[in-house]
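Chain order of the listed sequences is A and L. When we follow numbering that gives the first Met the number 0, the leftmost residue of the first sequence carries the number 0, and every step to the right adds one. When we follow numbering that gives the first Met the number 0, the leftmost residue of the second sequence carries the number 0, and every step to the right adds one.
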Amino acid sequence: MERLIIVVAVLPLISALLIQLFAGRIGHSISRVSVAATTISFLLACLLLWMALKGAGPQLLPLGNATAILLFDPLSVLLATIILGISLIVHLYSVRYMAEEAAYGQFFVLLDLMTAALLFMVIAGDLITLLIAWYLVGVLLYFLLGQDTRSQTAYRFSFWTLITYRIGDLPLIFAAALLYNAYGTWSLTAIFAEIMVNPDTHQFMGLPLTEVVAALIGLAAFARSAQFLLHTWLPYTMDGPTPVSALMHAGIVNAGGFLINRFAPVFVHSGDVLNVIFIVGLITAIFGSLLMLTQNDIKKALGYSTMGQMGFMVMECGIGAFSLAIYHLFAHGVFKGTMFLSAGGVINNARDDDGIPKDELYTFAVEKRPNKVRTPWLLMAAITLAVPLVILIFSHLLIAQDYFHKQGAIILLFFGWVTGAQLIFATYRMRTQNVWRLVGLSVLSLVVVVLGYAVISHAFDVFLYPDPVFRAQLYSAASIELLRFDVLVVIITLIIVSGWVVTYYADESGYRHQKSKHLWFNFYALISREFYIIDIYTRLARLLLAISGRLNVWLRWL
Amino acid sequence: MTDSLIILLAGFFLPLFPMSMVFNGILDKIEHSWLRVLLFLTWPLIGLFIVFSSHVMLPGWLLPLALSTSALYALRILSLREVNQWSGFLATSLWSLLWLPMMQATPAVLLLGYAISMSVPLVLLLLLSAGLERRFGAAYTGLYGGLAWTIPRFSGVLVIVIMAAIATPLFPTFFIMLDLVIESVSATPLVAMVLLLIWLLWSWAGARLIQGLIVGRGSGVNIVDLGMTAISLYTLVLILLAVGGIYLSGVIL
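See the structure below:
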């Protein structure tokens, strides 16, 4: 029965082949083939997920006598279901959305090939299949984003995507070569089994092989998930068709989180790398959110929002909460996919009526006119800081008593607290007739979010990593020395609280201080140029092309 | 002394800089497309024949020279716009890497397979280039563009052929590159890194070539697209290449 996973992955390939062969004769009805294949694949994946939930697998499925092995395990089945779910929605949406495009059939061929590549990527049980699928995802995305071949801009930015993805492929290939040389097999399961028994057997240039491989895998994940310095492609790929944007932001960009999870048995022996991953994720989350808030173009803002979310996802991996990253990529995928697919409808409706009620929320969020009438400050601050913390502590105590021994959990609580506090802080500044009702609703919504998060996180943990010892090892690997950790938490708390206080007084004084105004303008200029990162990359690319041209002139084009 | 002379001679055919300039010079002079095809198919085989028939000992300095030749031409392809020249430079970059497995005592039959696998996509590209010259008078990027719009079948084949040439899975060059990286990664990691960078440059150059030819609004003039027979033949060769790649992966990996 587990072999059905092969059918799940092959069906989109068959669909692509059929469309390529018959698109010219059947016309637009050919999209039905694609939708039908994706639907059947999705239903089969749901069946397999149900089996996995009932305890089936893990199982290796070799393809004939070849090196290629597919893997039926909780991670592969869960992600295959998510990919097919999102892909099915994108397919259904595209049937009418792409109807006026000239290369209608070609679009569905590419969409099916992309779905197949993503499926093979998540169910790959060997390094070769993983490498091929990983590589092809980048190539197919390049052509999907450049679906409109008349648009130079679309291709310019899809090229950025391709080249970043190719840069990300290199460390993965390097890591695969190192693993194969050390363990003499391409099978991921066999490699991981050996690493679990003897993690320190092999070395590379004087360093433990697991650490080197983990670092390389991390780099590959950074490029795919638009982490800071490898993020420039993401906000600029909005010239592709909307369904492709939805698929990219909801599915493809999450591949980094998947890769880190797939190599969890390597990362469990690479604590230092996990710490670096956390820092990179943190920087990405901060920069992504910062850039999102300052964009005038709503699509670029959505792109940077995805970047920020990817930062959070990678950060979760960095603190050892691997399964939470999978939940995050699923939740973010659904959320962001919905946003992209509904964008066209919203724009269309807005032509007649912007549909925005000019209420308190509008005046606060859009017109930036906070309410001057405030409730007692001290009481609100106390609620702001204390309530989320209390809820988080209780929710974790209910689920796992030993949660506070894990630094990862504390960081998650910390971010829950920050998010919750910001929610109430922002809400409190809005005008309302009944303050207590407002606070009550805010607290209730927070309870739902926090409890939901804690329960779901726990459920994902148990499903994806059923071995409690391994789960504990992951958290332990991600932890740092206690004193350093406590100092860091205190410093970050002080920074955040100071930020809130500065924002509060800036609002109060109406940004009247000339000196700070100048400073803020400079800072804003820096952000509006996206920290000049794109300019630097463009300069470097032009320099390389100039060197290439100069060499050709010197060598007389021979 | 004799060994060095033989290697120097082989360096014209399995290109080593500066002897590599001879191949590109000859290619530049040839007008007829079928002669170009013949040149691409025979040139590296002559080099392999010279090395294997002479049983020459390959010295260590060949490795950096072969790698730098490959890297130099990979970098130089970035600024090329003429398709035949582009194919010649890529061929130089690819064939020079054949020295690496040769130094690791790879069997002659396998090396022959490597050389043919590297050449076939480039031969297809030369034929397509001849098709462009017939239709537009020149095979030049950025000159007319918009081929995806004006001749969609032709551009579809062109894109896949370029992908095959720049070592995209499942084509043989992908597995050859993977094998080269695996063979060098533990003993000489620097070589593996340079190989990966060369691979990256090929991708960059390939994307530039694709964009320069297929993207744009086109000339608006009615141009004859590729016929069904030609499409079938190109598809057949590409399928054979992909199958060959999968087979090769079973042999070398």
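No residue lacks a Cβ here, since even glycine has one placed at the ideal position from N, Cα and C. Since the model is a prediction, treat every value here as computed from it, not as a measurement.
(message) I need the straight-line Cα distance from residue 151 of chain L to residue 209 of chain A, nearest angstrom please.
(response) 48 Å
(message) Under DSSP, the beta strand (DSSP E) around residue 277 of chain A begins and ends at which residues?
(response) That residue, residue 277 of chain A, is in no beta strand (DSSP E); its alpha helix (DSSP H) goes 270-292.
(message) Quick check: residue 159 of chain L and residue 69 of chain L, are their CB atoms within less than 9 Å of each other?
(response) no
(request) State whether the segment 141-157 of chain A contacts the segment 236-250 of chain A, with contact taken as three or more CB pairs (one from each stretch) at a distance under 8 Å. (result) yes
(request) Could you spell out the range, first to last residue, of the beta strand (DSSP E) harbouring residue 111 of chain L? (result) Run containing residue 111 of chain L: none in the beta strand (DSSP E); it sits in the alpha helix (DSSP H), 107-135.
(request) With 7 Å as the C-beta to C-beta threshold (strictly closer), list the residues of the segment 221-253 of chain A near chain L in chain order. (result) none
(message) If you reduce the DSSP assignment to three classes, tell me which class residue 59 of chain A lands in.
(response) strand
(request) Alpha carbon to alpha carbon, how far is residue 293 of chain A from residue 343 of chain A? Give it in angstroms, no decimals. (result) 22 Å
(request) Rank L:227, L:188, L:144 by C-alpha distance to the C-alpha of residue 215 of chain L and give the top, closest one. (result) L:144
(request) Please classify residue 54 of chain L: is it buried, with 16 or more other beta-carbons within 10 angstroms of its beta-carbon, or exposed? (result) exposed
(message) Can you tell me whether residue 226 of chain A sits near the ligand MN, meaning its C-beta is under 8 Å from at least one heavy atom of the ligand?
(response) You won't find the ligand MN in this model; it holds no ligand whatsoever.
(request) Go to residue 29 of chain A, then tell me how far its alpha helix (DSSP H) extends in each direction, as first and last residue. (result) Segment: none, residue 29 of chain A is in no alpha helix (DSSP H) and carries neither H nor E.
(request) Using a Cβ cut-off of 7 Å, pull out every chain A residue sitting near residue 210 of chain L, in sequence order please. (result) 154, 158
(request) List the residues of chain A that residue 206 of chain L touches, going by C-beta distances under 8 Å, in chain order. (result) 141, 158, 161, 162
(request) Look up residue 186 of chain A in the DSSP assignment and say whether it is helix, strand or coil. (result) strand
(message) Between which residues of its own chain and residue 340 of chain A is the CB-CB distance below 6 Å, once the five residues before and five after are set aside?
(response) 92, 245
(request) Please list the residues of the segment 192-222 of chain A that have a C-beta atom closer than 9 Å to any C-beta atom in chain L, keeping them in chain order. (result) 203, 204
(message) So residue 84 of chain L contacts chain A; which residues on that side make the cut at Cβ distance below 8 Å?
(response) 556
(message) Using only the alpha-carbon positions, how far apart do residue 113 of chain A and residue 139 of chain A sit?
(response) 6 Å
(request) Could you say which of A:270, A:547, A:309, A:297 lies nearest to residue 286 of chain A if we only look at CA atoms? (result) A:309
(request) Give a yes or no on whether 9 Å exceeds the smallest Cβ distance from residue 190 of chain A to chain L. (result) no
(request) Show which residues of chain A have a CB atom less than 7 Å away from the CB atom of residue 181 of chain L. (result) 176, 179, 180
(request) Please check the pair residue 80 of chain A and residue 159 of chain A, which I expect to be a contact at CB under 8 Å, by giving their CB distance rounded to whole angstroms. (result) Not really, about 31 Å apart at Cβ, beyond 8 Å.
(request) Tell me where the beta strand (DSSP E) around residue 68 of chain A begins and ends. (result) 68-71
(message) Between the alpha carbons of residue 278 of chain A and residue 233 of chain A, how many angstroms are there, rounded?
(response) 20 Å
(request) Report the three-state DSSP secondary structure of residue 103 of chain L (helix, strand or coil). (result) coil
(message) By the DSSP assignment, the alpha helix (DSSP H) with residue 171 of chain L in it spans what residues?
(response) 171-184
(message) Let me make sure I understand the geometry here. Which of A:67, A:469, A:151 has the alpha-carbon closest to that of residue 132 of chain A?
(response) A:67
(request) Measuring only between beta-carbons, confirm whether residue 66 of chain A sits less than 9 Å from chain L. (result) yes
(request) Tell me, please, whether the CB atom of residue 547 of chain A is closer than 9 Å to any CB atom in chain L? (result) yes
(request) For residue 102 of chain L, I'd like the list of residues in its chain whose CB is within less than 7 Å of its CB, leaving aside the five on either flank, ordered along the chain. (result) 57, 61, 62
(message) Could you tell me the alpha carbon to alpha carbon distance between residue 100 of chain L and residue 113 of chain L, rounded to whole angstroms?
(response) 10 Å
(request) Report buried or exposed for residue 122 of chain L, applying the criterion of at least 16 other Cβ atoms within 10 angstroms of its Cβ. (result) buried
(request) Starting from residue 307 of chain A, follow the alpha helix (DSSP H) in both directions and report where the run begins and ends. (result) 297-317
(message) My output table needs one value for residue 9 of chain L: the three-state DSSP class, helix, strand or coil.
(response) helix
(request) Would you please verify whether the beta carbon of residue 150 of chain A is less than 9 Å from any beta carbon of chain L? (result) yes
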